[in-house]
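Following the working numbering, the numbering of the sequence shown begins with 50 at its first residue and continues without gaps.
A virtual CB, placed ideally from N, CA and C, is assigned to each residue, including glycine.
Working notes, structure below.
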Amino acid sequence: MSKKYILSLDQGTTSSRALIFDHSGRIISMAQKDFTQFFPQPGWVEHDANEIWSTQSSVAAEAVAKANLSGDNIEAIGITNQRETVVVWDVDTQQPIHKAIVWQDRRTSSYCETLKQAGHESMIRDKTGLVIDAYFSATKLKWILDNVEGAREKANNGKLKFGTIDSWLIYKFTRGRVHATDITNASRTMLFNIHTQSWDEELLSLFDIPAEMLPEVKQSSEIITTTATTLFSSKIPISGVAGDQQAALFGQMCLEPGMGKTTYGTGCFLVMNTGNEAIQSENNLLTTIAWKIDGKVSYALEGSVFIGGAAIQWLRDGLRIIHEAVATEALATSVDDNDGVYFVPALTGLGAPYWDQFARGAIVGLTRGTKAAHIVRAALEGIGFQVADVIHAMEQDMGSKSKELRVDGGAVANNFLMQFQSDLLQSDVVRPKVLETTALGAAYLAGLATGYWKNIDEIKSQWQLDRKFSPQLSADEVGDMMDRWHDAVGRSRNWASKK
Ligand code: ADP
């Protein structure tokens, strides 16, 4: 029998990627293609769903060819994707009736405000774990039905289907035979009741969405279907699907309540496993489904920081006090401390747990003794402080301290930042060897369903540590710094609201 591998499809916001993993969780090959971003109006962001399919299927074939394999070598396909993005297609033509409306798209913001004013906030939060925001799928789907000519009538006649990107890819992989999504993606639509685990009639009627449009909701790890494209000669099971943040949580093997992951990219994305309990946040975090495996749902708390690594980009491209991001570590450690300088990177407002769209960046505590190195250090510390604020909010909601934080994303290369994070959290920060945790998570979910990996324990034993950072500062020292940070945050808040 030929050797088998898992093909993981990572359909992101700017590129489609495909990675092949072997049985030990090692990457065998990878292919990636960017696709077009459409900005038809300020605040609007669209993708061409056909281009998403063509780039995704071509990188899948490329990754297989690069590894010198054929479809027969692929045990299963896992899919992880940009979440919330909406595709609506016609069942007769199998063509999208409009460009995909991307999660970043703000066109339905004012409609969301009217929903809030009409008092729907607590009902929506209770059922979906989400806050009312244009970010989620529901209002984007409604927009397409309301604005594309003839769409509403077709939808009422059962001629249109809705899907997030995972759903669209499954539909294309099966040549229109299967219309399904996984439960993590469903939990981001604002149409799905995360407690009853079903599409919610009250929400469907609020948004005027015919139930026939919606995909069947599957577990994150189960054989959903097999491929029917000419792309591969053999029929390959599609058996693992999860939204990108959830896949990363699984790829990081954050399996116990209190284990969380942070991705330090342009922004910072935090997800914390809360086990079988859907915790309603008192601190402006989202409650979401982490995964469903073997009939059991795990829940998570989620919070995002808008400016993470982007603060370093700004030092490089805006302020021009560094040439490259990698230089920040040496500069930050070239000074003994931040010399009283605090940098709140609220360059586009503040995300969780503040949610202040009028906050703006602030560098406070400057003196004539301040050097560029202090500002660089304060920027890195500012990333760490923001992440600590979200983790502390999660700990408050959970009523217990987090166990350890597992990290990924481009900025985790920075050892100073990782050490500082561990100090602030007073807990271990753990950097794994494989940083492709999103693709790995989808691969694990897929391989688990087909028996490629026997059980989660077998997968857990593969997880390899690169480096663990443990606290070096005392709780008192950290407490003082957190106090100063919160003073600085206070000065950055509500800044842009005054003319
Ligand atoms: P994304 O997926 O959002 O594009 P990545 O995970 O590729 O982001 O991470 C890139 C981000 O990490 C950039 O914002 C960059 O400034 C930051 N970054 C990269 N290397 C370092 C470093 N050594 N120290 C601090 N930040 C870094």
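Residues bridged to residue i (per DSSP)
| i | result |
| --- | --- |
| residue 392 | 412 |
| residue 324 | 348 |
| residue 81 | 66 |
| residue 125 | 55 |
| residue 150 | 95, 135 |
| residue 248 | 241 |
| residue 145 | 138 |
| residue 353 | 318 |
| residue 130 | 60, 292 |
| residue 338 | 348 |
Whole-angstrom distance between residue j and residue i, CA atom to CA atom
| i | j | result |
| --- | --- | --- |
| residue 321 | residue 127 | 22 Å |
| residue 315 | residue 426 | 18 Å |
| residue 421 | residue 415 | 11 Å |
| residue 81 | residue 291 | 19 Å |
| residue 123 | residue 423 | 51 Å |
| residue 398 | residue 142 | 43 Å |
| residue 526 | residue 57 | 44 Å |
| residue 332 | residue 199 | 42 Å |
| residue 410 | residue 523 | 28 Å |
| residue 508 | residue 309 | 18 Å |
| residue 163 | residue 173 | 14 Å |
| residue 538 | residue 85 | 37 Å |
| residue 393 | residue 55 | 42 Å |
| residue 542 | residue 334 | 19 Å |
| residue 516 | residue 446 | 29 Å |
| residue 440 | residue 232 | 25 Å |
| residue 372 | residue 66 | 29 Å |
| residue 185 | residue 132 | 8 Å |
| residue 383 | residue 464 | 14 Å |
| residue 256 | residue 183 | 13 Å |
| residue 120 | residue 109 | 10 Å |
| residue 324 | residue 478 | 20 Å |
| residue 363 | residue 449 | 36 Å |
| residue 346 | residue 385 | 47 Å |
| residue 281 | residue 492 | 18 Å |
| residue 245 | residue 369 | 52 Å |
| residue 64 | residue 496 | 24 Å |
| residue 556 | residue 469 | Residue 556 lies beyond the range of the chain shown here (50 to 548); nothing can be said about it. |
Test item: CB-CB of residue i and residue j under 9 Å
| i | j | result |
| --- | --- | --- |
| residue 454 | residue 476 | yes |
| residue 499 | residue 272 | yes |
| residue 391 | residue 433 | no |
| residue 234 | residue 213 | yes |
| residue 359 | residue 544 | no |
| residue 377 | residue 429 | yes |
| residue 211 | residue 263 | yes |
| residue 312 | residue 236 | no |
| residue 295 | residue 339 | yes |
| residue 195 | residue 129 | no |
| residue 268 | residue 328 | no |
| residue 238 | residue 152 | no |
| residue 513 | residue 471 | no |
| residue 357 | residue 451 | no |
| residue 511 | residue 207 | no |
| residue 403 | residue 438 | yes |
| residue 518 | residue 467 | yes |
| residue 125 | residue 286 | yes |
| residue 480 | residue 389 | no |
| residue 275 | residue 337 | no |
8 Å contact criterion, which residue i and residue j should meet: CB distance rounded
| i | j | result |
| --- | --- | --- |
| residue 401 | residue 354 | 7 Å |
| residue 258 | residue 190 | 6 Å |
| residue 146 | residue 139 | 6 Å |
| residue 270 | residue 247 | Residue 270 to residue 247, Cβ: 19 Å. No contact. |
| residue 556 | residue 488 | Here the chain covers residues 50 to 548 and nothing more, so residue 556 does not appear. |
| residue 265 | residue 229 | 5 Å |
| residue 105 | residue 144 | Not confirmed; about 17 Å, so no contact. |
| residue 134 | residue 96 | 7 Å |
| residue 167 | residue 226 | The pair is not a contact, with the Cβ atoms about 40 Å apart (cut-off 8 Å). |
| residue 443 | residue 528 | Actually they are not in contact, since the Cβ atoms of residue 443 and residue 528 sit about 19 Å apart, beyond 8 Å. |
| residue 462 | residue 361 | That pair is no contact at about 11 Å. |
| residue 549 | residue 457 | Residue 549 lies beyond the residue range present for the chain, which begins at 50 and ends at 548; the question has no answer from this structure. |
| residue 154 | residue 102 | About 20 Å separates the two Cβ atoms, so there is no contact after all. |
| residue 115 | residue 78 | 4 Å |
| residue 136 | residue 98 | 5 Å |
Check: residue i C-beta below 8 Å from any heavy atom of the ligand MN
| i | result |
| --- | --- |
| residue 497 | Of the ligands this structure carries, namely the ligand ADP, none is the ligand MN. |
Beta carbon proximity, residue i to chain D, threshold 9 Å
| i | result |
| --- | --- |
| residue 66 | In summary, chain D is missing from the structure at hand, where a single protein chain is found. |
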